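If you read the protein sequences in the order shown, they are chains P and H. Here full-length UniProt numbering is used: the first residue of the first sequence is 1, the next is one more, and so on. Here full-length UniProt numbering is used: the first residue of the second sequence is 1, the next is one more, and so on.
Protein chains: 2
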Amino acid sequence: MGEKPSLPPYAIARQGKRAVYDREAIHGILDVGLVAHVGFLAGEEGSIRPMVMPMAYARDGETLYIHGAASTRMIRNIDEGAPLCLTVTHVDGIVAARSSFNHSMNYRCAVVHGIARAVTDPDEQKRALALITEHLLPGRMEEVRDHLPRELAATGVLAVSIDAASAKIRNAPPAEARPEDYELQVWGGVVPVVTGLGQPLDDGRLAPGTKLPLSLAAARQKFS
Amino acid sequence: MGEKPSLPPYAIARQGKRAVYDREAIHGILDVGLVAHVGFLAGEEGSIRPMVMPMAYARDGETLYIHGAASTRMIRNIDEGAPLCLTVTHVDGIVAARSSFNHSMNYRCAVVHGIARAVTDPDEQKRALALITEHLLPGRMEEVRDHLPRELAATGVLAVSIDAASAKIRNAPPAEARPEDYELQVWGGVVPVVTGLGQPLDDGRLAPGTKLPLSLAAARQKFS
Numbered sequence: 001m002g003e004k005p006s007l008p009p010y011a012i013a014r015q016g017k018r019a020v021y022d023r024e025a026i027h028g029i030l031d032v033g034l035v036a037h038v039g040f041l042a043g044e045e046g047s048i049r050p051m052v053m054p055m056a057y058a059r060d061g062e063t064l065y066i067h068g069a070a071s072t073r074m075i076r077n078i079d080e081g082a083p084l085c086l087t088v089t090h091v092d093g094i095v096a097a098r099s100s101f102n103h104s105m106n107y108r109c110a111v112v113h114g115i116a117r118a119v120t121d122p123d124e125q126k127r128a129l130a131l132i133t134e135h136l137l138p139g140r141m142e143e144v145r146d147h148l149p150r151e152l153a154a155t156g157v158l159a160v161s162i163d164a165a166s167a168k169i170r171n172a173p174p175a176e177a178r179p180e181d182y183e184l185q186v187w188g189g190v191v192p193v194v195t196g197l198g199q200p201l202d203d204g205r206l207a208p209g210t211k212l213p214l215s216l217a218a219a220r221q222k223f224s
Numbered sequence: 001m002g003e004k005p006s007l008p009p010y011a012i013a014r015q016g017k018r019a020v021y022d023r024e025a026i027h028g029i030l031d032v033g034l035v036a037h038v039g040f041l042a043g044e045e046g047s048i049r050p051m052v053m054p055m056a057y058a059r060d061g062e063t064l065y066i067h068g069a070a071s072t073r074m075i076r077n078i079d080e081g082a083p084l085c086l087t088v089t090h091v092d093g094i095v096a097a098r099s100s101f102n103h104s105m106n107y108r109c110a111v112v113h114g115i116a117r118a119v120t121d122p123d124e125q126k127r128a129l130a131l132i133t134e135h136l137l138p139g140r141m142e143e144v145r146d147h148l149p150r151e152l153a154a155t156g157v158l159a160v161s162i163d164a165a166s167a168k169i170r171n172a173p174p175a176e177a178r179p180e181d182y183e184l185q186v187w188g189g190v191v192p193v194v195t196g197l198g199q200p201l202d203d204g205r206l207a208p209g210t211k212l213p214l215s216l217a218a219a220r221q222k223f224s
């Protein structure tokens, strides 16, 4: 799948035939991702290394929010101004070619670069946490109880402004190297990779009369 | 989902109830991933930033292999000795709690730290490329034509020794904050996230008599 040179904000690199462009396309990739892989710098001066962790997230306009226990190292140690990279990838298919070399994957990937900002305003914190919950389960905030003060105190939120973003999309059959490759009796095509939500499984501790909430149906629609 | 402090090789952090341990568990997570999110350092001295890209990969014992067009920046610019982080995540479920705060995800995640080594030995290069193809489509190398010399020349392969690895697994129902939360008429449980392979779609250019190959069935078994 490889790597793209850094691009101006909202550039899209195209591979395959049905690529789409523009800011809305990148937002579209971000808005239906389950997790972002968040890259940050770890280690000491002189021995900096990259660290990549999957995290829940949400987008609010040109800002992405991530959160974690206030006690975890990432939330504690990412300074104001630390550079972050958030990558959201949807794998759509395995591309089987007639040669090993031309095997590939169909996918949609958005890469966001930005600077971390610790969210300290209580209203922004609550809004960000609500957005992260609703990113996975649309409408969920109307169904759950309010935050407890101790819960808000235990949660660190980082905001990342989208300073630059790029997307890479491949959505095509295999591209064989030579016309004669198509004469080989070797199967070529795409095996779709399908991600969706299964039947909700309650925890066996529902209060009497509790029904399946609307947010689960909304999530199944969003992620299927 | 948050972040774990750096851990000795093959530590596993536990969240939830059915976590498993040891090196085999981490290998197990790596061996059934479709892509790794590869973190590396980009930018100039003094303005280093993290970059995270999804890449195909394969494991061979204590080594991970990744590849890309020899012309791409990542393959060209990652020096011998560059630190890399490869993270493979399986999202297994959305955990819906009775409070926003206790929403979570069920997932299995392996994080590998290692040092990049450019693969220059032709035999190791061929072996690595075969492993990457077979990681997605087991048995595929017996079905496809041989590499062309120009294809090998166009492909850069990096080896990453697993210098340290950790895993984090959550596989549990929601953990509510207070006993009285279970008295609320709010649904609590897990919405499974299911990933699998769909029906293979050929590219419409099969040579007469071409059959569905065994590798596709092996892949469906592996990734479903």
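Here a beta-carbon is modelled for each residue, glycine too, at the ideal position from N, C-alpha and C. As the structure is a computational prediction, the values presented were derived from the model and not from experiment.
Should the segment 214–224 of chain P be called in touch with the segment 131–142 of chain P, which here means at least 3 C-beta pairs below 8 Å? Per the Cβ contact rule, the segment 214–224 of chain P is in contact with the segment 131–142 of chain P (3 or more Cβ pairs under 8 Å).
Taking Cβ positions, are P/A118 and P/P174 nearer each other than 9 Å? Counting from 1 along the first sequence, the entry for residue 118 of chain P is found at position 118. Counting from 1 along the first sequence, the entry for residue 174 of chain P is found at position 174. Going by C-beta atoms, P/A118 is not nearer than 9 Å to P/P174.
Kindly say whether P/R145, judged by its beta-carbon, lies nearer than 9 Å to any beta-carbon of chain H. Working through the first sequence from its first residue, we reach residue 145 of chain P at position 145. Between P/R145 and chain H, the shortest Cβ-Cβ separation is below 9 Å.
Given that a residue counts as buried once 16 or more other Cβ atoms are within 10 Å of its Cβ, and exposed if not, what is H/D203? As a position in the second sequence, residue 203 of chain H is number 203, starting the count at 1. H/D203 is buried by the Cβ-count criterion.
Check whether the segment 111–126 of chain P touches the segment 158–178 of chain H, taking contact to mean three or more Cβ pairs, one atom from each stretch, closer than 8 Å. Between the segment 111–126 of chain P and the segment 158–178 of chain H there are fewer than three C-beta pairs closer than 8 Å, too few to call the two in contact.
Residue environment, H/G209, which counts as buried when at least 16 other CB atoms sit within 10 Å: One-based indexing of the second sequence puts residue 209 of chain H at position 209. Under this definition H/G209 is an exposed residue.
Let me check one thing: in DSSP terms, what residues is residue 302 of chain P bridge-paired to? Examination of residue 302 of chain P is not possible in this model, given that chain P is present from 1 through 224 alone.
If we cut at 9 Å on Cβ distances, does P/Q199 have a partner in chain H? Counting from one through the first sequence, the residue named residue 199 of chain P turns up at place 199. Any Cβ of chain H closer than 9 Å to the Cβ of P/Q199 would place that residue at the interface, and such an atom is present.
Taking the straight line between their C-alpha atoms, what separation do you get for H/I66 and H/Y57? Here residue 66 of chain H is taken as the residue at index 66 of the second sequence, counted from 1. Here residue 57 of chain H is taken as the residue at index 57 of the second sequence, counted from 1. Cα-Cα distance, rounded: 5 Å.
Nearest-angstrom Cα distance between H/E80 and H/A70? As a first step, residue 80 of chain H is located in the second sequence; it is residue number 80 there, counting from the start. As a first step, residue 70 of chain H is located in the second sequence; it is residue number 70 there, counting from the start. Distance from the CA atom of H/E80 to the CA atom of H/A70, rounded to whole angstroms, is 15 Å.
Top-ranked residue by Cα proximity to H/V186, from P/L212, P/E183, P/Q199: Counted from its first residue, the second sequence places residue 186 of chain H at position 186. Closest in alpha carbon position to H/V186, among P/L212, P/E183, P/Q199, is P/L212.
Beta carbon of H/V193 nearer than 9 Å to that of P/T89: Within the second sequence, residue 193 of chain H is the residue found at index 193, counting from 1. Within the first sequence, residue 89 of chain P is the residue found at index 89, counting from 1. No.
Counterpart residues of H/R117 in DSSP-defined beta bridges: Sequence index remark: in the second sequence, residue 117 of chain H carries index 117 (1-based). H/A159.
Measuring only between beta-carbons, confirm whether residue 300 of chain P sits less than 9 Å from chain H. Chain P is shown only over 1 to 224; residue 300 of chain P falls outside these bounds and no answer can be derived.
What number of angstroms, rounded off, separates the C-alpha of P/E62 from the C-alpha of H/K222? Counting from one through the first sequence, the residue named residue 62 of chain P turns up at place 62. Counting from one through the second sequence, the residue named residue 222 of chain H turns up at place 222. In this model, P/E62 and H/K222 are separated by some 38 Å (Cα to Cα).
Would you identify the three-state DSSP class for H/S215, choosing helix, strand or coil? The residue labelled residue 215 of chain H in the question sits at position 215 within the second sequence. Annotated three-state conformation of H/S215 is helix, per DSSP.
So residue 233 of chain P contacts chain H; which residues on that side make the cut at Cβ distance below 9 Å? It is not possible to answer for residue 233 of chain P, since the shown part of chain P is limited to 1 through 224.
8 Å Cβ shell around P/E3 - same chain, five flanking residues per side excluded: In the first sequence, residue 3 of chain P corresponds to position 3, counting from 1. Caution is warranted here: a pLDDT of 43 is assigned to P/E3, below 50, making its placement in the model unreliable, and no coordinate value can be reported.
Below 8 Å, can you find three or more Cβ-Cβ pairs linking the segment 144–152 of chain H to the segment 98–105 of chain H? Flag = no, the segment 144–152 of chain H and the segment 98–105 of chain H do not touch.
Could you tell me which residues DSSP puts in a beta bridge with P/R140? For the purposes of this step, residue 140 of chain P is taken as residue 140 along the first sequence, with counting starting at 1. As DSSP reads the structure, P/R140 sits in no beta bridge.
Between P/P54 and H/A207, what straight-line distance do the alpha-carbon atoms span, to the nearest angstrom? Counting from one through the first sequence, the residue named residue 54 of chain P turns up at place 54. Counting from one through the second sequence, the residue named residue 207 of chain H turns up at place 207. So the alpha carbons of these two residues sit roughly 43 Å apart.
Quick check on the DSSP output: the beta strand (DSSP E) that includes P/A153 runs from which residue to which? As a first step, residue 153 of chain P is located in the first sequence; it is residue number 153 there, counting from the start. Secondary structure note for P/A153: it is in no beta strand (DSSP E), and the uninterrupted alpha helix (DSSP H) holding it is 149–153.
Flag this pair as touching only if the segment 162–182 of chain P and the segment 121–130 of chain P have three or more C-beta atom pairs under 8 Å; answer yes or no. A contact between stretches requires three or more CB pairs, one per stretch, nearer than 8 Å, and the segment 162–182 of chain P fails this requirement with the segment 121–130 of chain P.
How far does the alpha helix (DSSP H) with P/H103 in it reach, from first residue to last? For the purposes of this step, residue 103 of chain P is taken as the residue at position 103 of the first sequence. Element bounds for P/H103: n/a, residue is neither H nor E.
Check each residue of the segment 142–171 of chain P: if its Cβ is closer than 9 Å to any Cβ of chain H, include it; give the result in chain order. For the segment 142–171 of chain P, the beta-carbon criterion of a distance under 9 Å to any beta-carbon of chain H is satisfied by E143, V144, R145, D146, H147, L148, R150, E151, L152, A154, T155, K168.
Around the Cβ of P/Q125, are there at least 16 other Cβ atoms within 10 angstroms (buried) or fewer (exposed)? The count along the first sequence starts at 1 and reaches residue 125 of chain P at position 125. By the 10 Å Cβ count, P/Q125 comes out buried.
When the cut-off is 9 Å and only beta carbons count, does P/G196 lie next to chain H? Along the first sequence, read from residue 1 onward, the residue named residue 196 of chain P stands at position 196. Interface residue, yes.
Determine which residues of the segment 117–128 of chain P have a Cβ less than 7 Å from any Cβ of chain H, and write them out in chain order. Taking 7 Å as the Cβ-Cβ cut-off, the segment 117–128 of chain P has no residue approaching chain H.
Residues that P/L216 contacts on chain H, provided the C-beta gap is smaller than 8 Å: In the first sequence, residue 216 of chain P corresponds to position 216, counting from 1. By Cβ distance, chain H contributes A96, W187, V191.
At 8 Å on the CB atoms, spell out the chain H contacts of P/E183, in chain order. Counting from 1 along the first sequence, the entry for residue 183 of chain P is found at position 183. Residues of chain H whose Cβ lies closer than 8 Å to the Cβ of P/E183 are, in chain order, A207.
Per-residue burial, P/S104 [other beta carbons within 10 Å of its own, 16 or more giving buried]: Position 104 of the first sequence, counted from the first residue, corresponds to residue 104 of chain P. Counting the other Cβ atoms within 10 Å of the Cβ of P/S104 gives 16 or more, which makes it buried.
Does the beta carbon of P/V91 sit closer than 9 Å to a beta carbon anywhere in chain H? Counting from 1 along the first sequence, the entry for residue 91 of chain P is found at position 91. For P/V91, the answer is yes, since a Cβ of chain H falls inside 9 Å of its Cβ.
Could you work out which residues of chain H lie near P/G39, taking near to mean beta carbons separated by less than 7 Å? By 1-based counting over the first sequence, the position of residue 39 of chain P is 39. Result: G39, P50, M51, V52.
Starting from the beta carbon of P/A130, find every residue of chain H whose beta carbon is closer than 8 Å, and list them in chain order. Locating residue 130 of chain P in the first sequence gives position 130, where the first residue counts as 1. Ordered by position in chain H, the residues that pass the 8 Å Cβ test against P/A130 are S100.
If you compare alpha carbons, which of P/R205, P/L214, P/L201 is closest to H/D92? Counted from its first residue, the second sequence places residue 92 of chain H at position 92. Out of P/R205, P/L214, P/L201, P/L201 has the C-alpha closest to the C-alpha of H/D92.
Taking buried to mean at least 16 other C-beta atoms within 10 Å of its own C-beta, is H/A82 buried or exposed? Looking up residue 82 of chain H in the second sequence gives position 82. Counting Cβ neighbours within 10 Å, H/A82 comes out buried, since at least 16 surround it.
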